[in-house]
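In this note's numbering, the protein residues as written are 181 to 947.
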């Protein structure tokens, strides 16, 4: 027989082990890995949702916040007590109710103490609890001290009055409240934010007085609609005095759906060339604002500012100073740009997601949220009244027994002295209850005086009156509702304060483009015949007196502002665009346009114009064709330019003429043959590009031969005079004279007086 090595166990013990394994296998549950992981993840998700991230509609607190408030109350840290180290509070919270990380618990406590984070703080902190500039700059919990605020009494005052359910803590050694009996809807007053698994919440804070007024209105009129409630709650009320600029209709839509977006804008004021920011949006850091503005200044995208500094101190928590380059700068446009490009205007998401009374999370609209909280408050108050009524009835029951003992004092003393079990004898002799008998036996000798009987009868009267009142309130819906109303009004008066965040209507913020950000300095742009360009500051310079390169000479000059776009035309009718502020200085000889632009080969530049995007100009050629166009339609970002004006063969482009009033201005055109015609500008079409229409009728043969072409075009007002240059002589054409040459577009025009038919130029007479 072959024996296995190490098999010294008997068959009987082997059978027992097999039976044990079979029993263990029966208790095992087999399931697919996908099912197990899905169930485990869902369980974790529900734990995060219900026990971590979302507040409950009843008291508006997350579990960690509720446990901090209860632990501080349990430590006796009321608003009137002395401060205690925060480490003591955090230790009690972790050791008794919330076995998680101490840093996370302390950060939750810090948020409850920061007046710039909570609209109505629950914790009164002493020490460094952070600042608006850096909320996380708070000191360690071993250095700070804390106690509850008076507002926290609103959550804890009724805790011991039988108002809430209690549950065992994590190790079953202590009891903690499931909810706190909030006397006001803290879910709206302090709001809350949190991210769970698959859902999040962002509830903005509100003003106590407004919310209480809405609750009273809904209590008195249960069928009140959202519009009626919004007459009391006009919008959120953040811990900052910055403006809420979301329109009222959008706020109402947020309250109707329970989700949306709000915008807040900083407050500012102007003192000369200085802008002072006095309030920032909720949870916006002043240092971050300065960093954002400084980055724009460093990138030379904000030349309107020369300096920024932070002058915030204890008296002025927010004071950011911006120094403008000049008092002529439009402060409102500059601030509009900063609102659009920095966090001086901030957006806040609203998602009123909370755990309802049924223990399930959902998104509430304003009316359903207030209605459900009123259900919670009704339950709380009814439990409080019933708890007090039970106490009163129990005390009256005991007082009845004590009074019976005083009436039969001698008999009671005899029974106590002569019987081994006096309680049972008293119950049998006087038909008492067990509690009454125990109360009689616990009486002291000094309580057997006649005075005690009088006190018992007085206490009976007071308690009987209170019992009747409680029973009346509990038995009457009208009285119960009146009690709720009076308590809401009283609490709003005790804890309420004026609104901080004003709701105002503002124009949408608009970021300025590069041109608008530049200072509007007067400049004169000079173009030479060879295509060299430069710009001089001011309008007083004489362009023709400048030095030019050898073989080059003056071609044209235009006056405008440095924040405008320079439009350049070549001889083929293409337009080009260059920012005026980027032009080289007139102190030198300039730079060739061909270095920046890419015109067709062999084509030179002919004329310039400076203007704002909405300005109108008349584009014309010596062939007599023209049309009206805006500067915006001429602009192009292409280096090769934009084919704008069709130039006939052998024709040249005339300098663009500004049109001030398209409906009232007159157009005056003169040819080399001395023919002049005047007609309204509105007869010229407004085109985006093309050849245009004929201004004056010049025979085609004379145009082709060059015997007669358009030499000058002027746009003027009906009351302005003109000056016509002919060699060394000039002719002033007054308003009455111009009426002689008036006609319709495309007519031949009338001949000028003898001696002035060789026209060199035509312009508006400024003398």
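We put the CB at the ideal spot given by N, CA and C, even for glycine.
Between which residues of its own chain and residue i is the CB-CB distance below 6 Å, once the five residues before and five after are set aside?
i: residue 377; result: 225, 228
i: residue 306; result: 263, 325
i: residue 929; result: 855, 856, 857, 876
i: residue 516; result: 689, 690
i: residue 248; result: 273, 289
i: residue 681; result: 417, 418, 424
i: residue 838; result: 797
i: residue 925; result: 859, 863
Below 8 Å on the Cβ atoms is my guess for residue i versus residue j; work out the distance and round it to an integer in Å.
i: residue 528; j: residue 441; result: 7 Å
i: residue 815; j: residue 736; result: Contact flag wrong, Cβ pair sits at about 19 Å.
i: residue 270; j: residue 282; result: 6 Å
i: residue 883; j: residue 861; result: The pair is not a contact, with the Cβ atoms about 23 Å apart (cut-off 8 Å).
i: residue 833; j: residue 753; result: 7 Å
i: residue 420; j: residue 369; result: Rounded, the Cβ-Cβ distance is 16 Å, inconsistent with contact.
i: residue 338; j: residue 560; result: 7 Å
i: residue 428; j: residue 412; result: About 14 Å separates the two Cβ atoms, so there is no contact after all.
i: residue 443; j: residue 410; result: Actually they are not in contact, since the Cβ atoms of residue 443 and residue 410 sit about 18 Å apart, beyond 8 Å.
i: residue 813; j: residue 760; result: Contact doesn't hold; Cβ gap of about 18 Å is too wide.
i: residue 313; j: residue 465; result: 5 Å
Could you check if residue i is buried or exposed, using at least 16 other CB atoms within 10 Å of its CB as the buried criterion?
i: residue 823; result: exposed
i: residue 947; result: exposed
i: residue 920; result: exposed
i: residue 742; result: buried
i: residue 805; result: buried
i: residue 590; result: exposed
i: residue 146; result: As shown, the chain starts at 181 and ends at 947. That puts residue 146 outside it, with no answer to give.
i: residue 525; result: buried
i: residue 222; result: exposed
i: residue 616; result: buried
i: residue 375; result: exposed
i: residue 381; result: buried
i: residue 895; result: buried
i: residue 182; result: Note that residue 182 has pLDDT 39, beneath the 50 cutoff, so the model's placement of it is unreliable and no number is given.
i: residue 840; result: exposed
i: residue 712; result: buried
i: residue 553; result: buried
i: residue 890; result: buried
i: residue 519; result: buried
i: residue 147; result: The requested residue 147 is not part of the displayed model; the chain covers only 181 to 947.
i: residue 237; result: buried
i: residue 943; result: exposed
i: residue 122; result: Residue 122 is absent from the model: the chain starts at 181 and stops at 947.
i: residue 658; result: exposed
i: residue 599; result: exposed
Excluding five sequence neighbours on each side, which residues of the same chain lie with their C-beta closer than 7 Å to the C-beta of residue i?
i: residue 239; result: 246, 335, 359, 360, 362, 366
i: residue 507; result: 452, 453
i: residue 575; result: 643
i: residue 302; result: 249, 292, 328, 329, 331, 332
i: residue 639; result: 579
Ordered along the chain, which non-local residues of its own chain (more than five positions away) have a Cβ less than 8 Å from that of residue i?
i: residue 950; result: Nothing in the structure corresponds to residue 950, since the chain is present only between 181 and 947.
i: residue 542; result: 533, 534, 536
i: residue 938; result: 852, 854, 906, 907
i: residue 686; result: 423, 425, 445
i: residue 505; result: 453, 483, 484, 485, 486, 699
i: residue 910; result: 903, 904
i: residue 933; result: 911
i: residue 915; result: 898, 899, 900, 901
i: residue 619; result: 578, 581, 582
Decide yes or no for the touch test of the stretch 757-772 against the stretch 802-812: beta carbon pairs closer than 8 Å, at least 3 of them. no
* To do: Output the residue ranges of the beta strand (DSSP E) runs that lie fully inside the stretch 900-946 and measure 3 residues or longer, sorted by chain position.
  => 902-906, 909-913, 941-944
Check your understanding: Would the stretch 489-507 and the stretch 655-675 be scored as touching if the rule is three or more Cβ pairs under 8 Å?
Key -> no
Inspect the CB distances between the stretch 283-298 and the stretch 356-365 and report whether three or more fall short of 8 Å.
no
If we count Cβ pairs, one from each stretch, closer than 8 Å, do we get three or more for the stretch 389-398 versus the stretch 326-346?
-> no
Give the list of continuous alpha helix (DSSP H) stretches no shorter than 4 residues that lie fully inside the stretch 438-498. 466-478
Exercise. Write down every uninterrupted run of the alpha helix (DSSP H) in the stretch 693-719 whose length is 4 residues or greater and which is fully enclosed by it, in chain order.
Key: 694-697
- Message: Contact between the stretch 454-473 and the stretch 708-720 is defined here as three or more beta-carbon pairs at a separation below 8 Å; is this criterion met?
- Response: no
Handout entry: Segments assigned alpha helix (DSSP H), at least 4 residues, entirely inside the stretch 552-616
Key = 589-598, 602-610
- request: Please go through the stretch 722-794 and give each complete beta strand (DSSP E) segment of 3 or more residues, from N-terminal end onward.
  value: 734-741, 745-750, 754-759, 785-791
Can at least three beta-carbon pairs, one atom from the stretch 580-587 and one from the stretch 647-655, be found at a separation below 8 Å?
no
- Query: Where are the beta strand (DSSP E) runs, 3 residues long or more, that stay fully inside the stretch 662-689, in chain order?
  - Reply: none
Problem set entry | Every unbroken beta strand (DSSP E) inside the stretch 835-912 [3 residues or more] | 837-839, 846-851, 855-860, 890-896, 902-906
- Message: Just to confirm the assignment: which complete alpha helix (DSSP H) runs, minimum length 4, are found wholly within the stretch 351-380?
- Response: 366-369
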